[in-house]
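Take a look at the structure set out below.
Protein chains in written order, with our numbering: chain A, 1168 to 1696; chain B, 8 to 293.
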């Protein structure tokens, strides 16, 4: 195991005046304040000496309060539940910071997002073009405090995005989107192909950018929970939980054991209904439609159970800061056990059908391969990461709710193809059923399901992390006056993982694109916010 | 092959009978809230608790206008929880789709005393402000004509103009063996050029405005547009901001509004059938 994160004395010795202070804001959250925007030596040190990974990079406008912008670099380490957050001031007058993207490709989009949303400049970025605003937008910095959320921008003019030309004999481009053939979210894909194989894929995302991070700054916390649920509809409960965990951390509220068990049940139900739908969709995309008919029936089974347990098929309205809104009756819990018993039986049957189909396996194996090296360099998280050797799962690495890191098994494969991404989902569904059964047993003891979170101190920072079914979800907040938020940063796993798709499709044929895309199944809304 | 057939035989028929039969809802399902307007003494706690400002209050001298907008409501139940008097209760009603945006809005005009207690309900009407009923007869004629042209088959192009993908989860469910919209002659098509209906989820983002307009223009006449979910109707919790334009009707004309967050599959079927005149409008719970 790598060495635990350093103490202040060691950092001061190594970096002298560059390190201002280190403070432990919460049990698993340490902030390291630097002297200026150049964090390269510190980042280098943390990566080489401590084997740390940059989980997220984001900015905050503190110009009116502290006269500077801050960049935050969130680090974590395998086997250490603590996050180390490097906080680097960027001055108003010279709004530049050195880019890390050439060294750490995983921060490529995130640094460009800071450029687009805060008007800061990532110096030395290998590809500094816009990502989070389209090229036809005027020069605005929407997340600066001086920018009013209801600003009406003039009609857009000019090119939305200039794609890089791909040249060569017989090479041509296939533009797809933003409206796709199926019921899918919007995004534009530009394929450069030579015959059938894909040479190069370019993505244009952020079609569904809704200004969510800015919107968070307007709502009181109890209403903002509903905004968190609407970041990515299929991950309503995971995003809601990540948000509430951040709020509870800031308010220093301990969630009762019963609520933690109930959250675990619901987080796992969300995983199960999405994973089983994805397994069906992967089967459909290789022409095995009957498997999808069964899989979508199984998903429906869980959605109905969700409604039975929370009143909402997508688990909405259940999470709240301090616990969950309603306790369960014994009838509801019996129903849960019964539905999952039938589900387990049926799911076993479905997998036997899929696994014994040679032609399905033939289409999935060695299709859309993402090598472990690329997955590591790009910082791929979640299902896509675990299928490519990235042994990471926030349920084990940063335990929350009622997860026990000692017993949680994380399925990891090295091959990185569509088949393994499906297999990770299969393994996780079986484990989810066990986790729900264990939580159900613990729920036999009565207890409180909610503690009040009345008023929250202003100017508290906190991080909430949840392993959603797609991967690691981070919510970072700074509280403000009147139970409002000064800033809420959301990082959906999709933001990390889109570049993986670009790598995975190379050399594959265009007709395999849908199944490769589905095997990652990323959220456009979660990415675009 | 044998395994597959055996599994099919074991599974049997799973499709529901809605809309011919009533929908099977769980006991816990949260549908539309119902407001006992005449006995409601204080709307302020409910309005305060509402995450999307679906319940809004306008105060003027000795009077209060309380507006409930089902096109903004996300059916969370916070209002019922916050109102101490029990004048707000959650129902299991979900067939809320409306042909007119105003039919999703109820406004109650109250006289209030010094403490802010509503002691007299003066008036209750649809819409944010009282308006004369519009040319509904004309609308009915148009609808009959659409029905004639489209017959019993309907081709839908779904357009996500900015949704969180919650609505897409439920729209996708319409094609599964449980809801099986094909049994009603409804199918989803890949191009707006093949479509009779655009089923649009929102809020419409600035970046999707052009794509939505192009899809609308590419859809052959006669066509109908259905706005799905709180965001598609009004912008929902996102509202209007630098990146969003609000509801679908800000960009293209909308024929039917389906409330919900997201609307359950039966509610989607109800709204779609309402748009082509194959089912009746139900109205709000009162």
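Backbone N, C-alpha and C fix where the C-beta goes; we use that ideal spot for every residue, glycine too.
Beta-ladder partner(s) of residue i, from DSSP
i, result
"residue 133/B", "113/B"
"residue 17/B", "Looking at the DSSP assignment, residue 17/B forms no beta bridge with any residue, so it has no partner."
"residue 1229/A", "1235/A"
"residue 1201/A", "1186/A"
"residue 1493/A", "None, per the DSSP bridge assignment."
"residue 1367/A", "1359/A"
"residue 67/B", "70/B"
"residue 127/B", "118/B"
"residue 1617/A", "1490/A"
"residue 1658/A", "1641/A"
"residue 1646/A", "1652/A"
"residue 1714/A", "Outside the modelled stretch of chain A, which goes from 1168 to 1696, sits residue 1714/A, for which no answer is possible."
"residue 1676/A", "1364/A"
"residue 264/B", "105/B and 234/B"
Outcome for residue i when other beta-carbon atoms lying within 10 angstroms are tallied against a minimum of 16
i, result
"residue 31/B", "exposed"
"residue 97/B", "buried"
"residue 1244/A", "buried"
"residue 116/B", "buried"
"residue 159/B", "exposed"
"residue 9/B", "exposed"
"residue 1339/A", "exposed"
"residue 1696/A", "buried"
"residue 1542/A", "buried"
"residue 1674/A", "exposed"
"residue 1362/A", "exposed"
"residue 1631/A", "buried"
"residue 1204/A", "buried"
"residue 130/B", "exposed"
"residue 27/B", "exposed"
"residue 244/B", "buried"
Extent of the continuous alpha helix (DSSP H) run through residue i
i, result
"residue 1504/A", "1497 to 1522"
"residue 236/B", "236 to 241"
"residue 1596/A", "1585 to 1609"
"residue 27/B", "First-last for residue 27/B: undefined, no H or E at that position."
"residue 1685/A", "1680 to 1687"
"residue 1404/A", "1403 to 1418"
"residue 1549/A", "1549 to 1553"
"residue 55/B", "51 to 56"
"residue 1697/A", "The question about residue 1697/A has no answer here: the residues shown for chain A are numbered 1168 through 1696."
Three-state secondary structure (DSSP) of residue i
i, result
"residue 1388/A", "helix"
"residue 1377/A", "coil"
"residue 1215/A", "helix"
"residue 1240/A", "strand"
"residue 1247/A", "strand"
"residue 1284/A", "helix"
"residue 1258/A", "strand"
"residue 193/B", "strand"
"residue 165/B", "strand"
"residue 1294/A", "coil"
"residue 1559/A", "coil"
"residue 22/B", "coil"
"residue 1342/A", "strand"
"residue 1267/A", "coil"
Limits of the unbroken beta strand (DSSP E) element including residue i
i, result
"residue 70/B", "70 to 76"
"residue 1574/A", "That residue, residue 1574/A, is in no beta strand (DSSP E); it is neither H nor E in DSSP."
"residue 207/B", "204 to 208"
"residue 1631/A", "1628 to 1634"
"residue 41/B", "40 to 42"
Residue-chain proximity (residue i, chain C), Cβ-Cβ < 7 Å
i, result
"residue 1309/A", "No chain C is part of this structure, whose protein chains are labelled A and B."
Mind listing which residues of the segment 1473 to 1487 of chain A have their C-beta closer than 8 Å to chain B's C-betas, in chain order? For the segment 1473 to 1487 of chain A, which is checked against every Cβ of chain B, the residues closer than 8 Å are 1474, 1475, 1476, 1477, 1478, 1479, 1480, 1481, 1483 and 1484.
Residues of the segment 34 to 54 of chain B in Cβ contact with chain A at a cutoff of 7 Å, in chain order, please. Among the residues of the segment 34 to 54 of chain B, those with a Cβ less than 7 Å away from any Cβ of chain A are 35, 36 and 37, in the order of the chain.
Below 9 Å between beta carbons is the criterion; list the residues of the segment 1336 to 1370 of chain A that meet it against any residue of chain B, in chain order. Residues passing the 9 Å Cβ filter: 1344, 1345, 1346, 1347, 1348, 1349, 1350, 1351, 1352 and 1353.
Output needed in chain order: residues of the segment 1520 to 1534 of chain A with a Cβ under 8 Å from some Cβ in chain B. Correct list: 1520 and 1523.
Select from the segment 233 to 246 of chain B all residues with a C-beta closer than 7 Å to any C-beta belonging to chain A, and list them in chain order. Listed by position along the chain: 244 and 245.
Using a Cβ-Cβ cut-off of less than 8 Å, list which residues of the segment 1544 to 1564 of chain A approach chain B; keep chain order. Result list empty, no residue passes.
Below 8 Å between beta carbons is the criterion; list the residues of the segment 200 to 216 of chain B that meet it against any residue of chain A, in chain order. Residues 210, 212, 213, 214 and 215.
Quick one, which residues of the segment 249 to 264 of chain B are near chain A if we go by CB-CB under 9 Å, in chain order? Under the 9 Å Cβ criterion, the segment 249 to 264 of chain B contributes 249, 250 and 251.
Contact set between the segment 261 to 291 of chain B and chain A, restricted to residues whose Cβ is under 8 Å from the partner: For the segment 261 to 291 of chain B, which is checked against every Cβ of chain A, the residues closer than 8 Å are 268, 269 and 271.
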